[in-house]
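As structure tokens, the structure follows; a few thoughts come after it.
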Amino acid sequence: MISPDTHRENRIPPGQARTKKWPVLHASDVPDVTREKWKLEIGGLVDHPLSFTWDEFQQLPRVKVFSDFHCVTTWSRLGNLWEGVSVQEIMNRAGVQSAAKFVVITGYDWGWTTNLPLADFLVEDALFVDLHDGEPLDADHGGPVRLVVPRLYAWKSAKWVRAV
Numbered sequence: 376m377i378s379p380d381t382h383r384e385n386r387i388p389p390g391q392a393r394t395k396k397w398p399v400l401h402a403s404d405v406p407d408v409t410r411e412k413w414k415l416e417i418g419g420l421v422d423h424p425l426s427f428t429w430d431e432f433q434q435l436p437r438v439k440v441f442s443d444f445h446c447v448t449t450w451s452r453l454g455n456l457w458e459g460v461s462v463q464e465i466m467n468r469a470g471v472q473s474a475a476k477f478v479v480i481t482g483y484d485w486g487w488t489t490n491l492p493l494a495d496f497l498v499e500d501a502l503f504v505d506l507h508d509g510e511p512l513d514a515d516h517g518g519p520v521r522l523v524v525p526r527l528y529a530w531k532s533a534k535w536v537r538a539v
């Protein structure tokens, strides 16, 4: 799918500069999360709390999204190809309750969280990503799995995701 974010007249937001590289920025040290240790937990206001190991995650339906990626530190990387599992797929399996209005995403870096309105989290192009431009997502960029919400700045696309 092609993210609606790429259909804007000017794909680079005001004050941003285009980069062809993918800069590495962290709020803390890169956690040591192997695929064997990685797990995704879905809880809160859901009908069916879920837990996925790496192997279980790999068995879920896969989606590719072409989108741009913007950082609040004033860079934009255009034309990324993300692959992973749709946020909608996982949250539909969990059964989001009507009382839920926001989500909190927690990473393996123990201390980093990001919150999002549920409506922004459940957009069609939001993914739990494990591949970027056809390559496994490296640890510096949030691997083994990070959240990508193309319509929001990257600080909402939590790295090293472990819980929703």
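Residues in the sequence shown are numbered from 376 upward in steps of one, following this note's numbering.
Where is the CB? At the ideal position from N, CA and C, for every residue including glycine.
The structure displayed is predicted, hence computed values, not measured ones.
Residue i - DSSP class collapsed to helix/strand/coil
{"i": "Val-520", "result": "coil"}
{"i": "Pro-406", "result": "coil"}
{"i": "His-423", "result": "coil"}
Segment limits, beta strand (DSSP E) that includes residue i
{"i": "Arg-537", "result": "536-538"}
{"i": "Asp-515", "result": "Premise fails: Asp-515 is in no beta strand (DSSP E) and is neither H nor E."}
{"i": "Leu-484", "result": "A small correction: the amino acid at residue 484 is Asp; Leu does not occupy that position in the sequence shown. Premise fails: Asp-484 is in no beta strand (DSSP E) and is neither H nor E."}
{"i": "Lys-439", "result": "438-446"}
For residue i: DSSP bridge partner residues
{"i": "Val-460", "result": "Phe-503"}
{"i": "Ile-387", "result": "In DSSP, Ile-387 forms no bridge with anything."}
{"i": "Arg-393", "result": "Ser-451"}
Under 9 Å between C-beta atoms of residue i and residue j
{"i": "Pro-424", "j": "Glu-416", "result": "yes"}
{"i": "Ala-474", "j": "Leu-420", "result": "yes"}
{"i": "Lys-439", "j": "Leu-453", "result": "no"}
Delimiting residues of the alpha helix (DSSP H) encompassing residue i
{"i": "Leu-493", "result": "493-496"}
{"i": "Ala-430", "result": "Ala is not the amino acid found at residue 430; the sequence shown has Asp there. Looking at the DSSP string, the run of the alpha helix (DSSP H) that includes Asp-430 is 429-433."}
Touch test, the stretch 478-489 against the stretch 428-447, Cβ-Cβ under 8 Å, three pairs minimum:
No, because fewer than three Cβ pairs between the stretch 478-489 and the stretch 428-447 fall closer than 8 Å, the two stretches do not touch.
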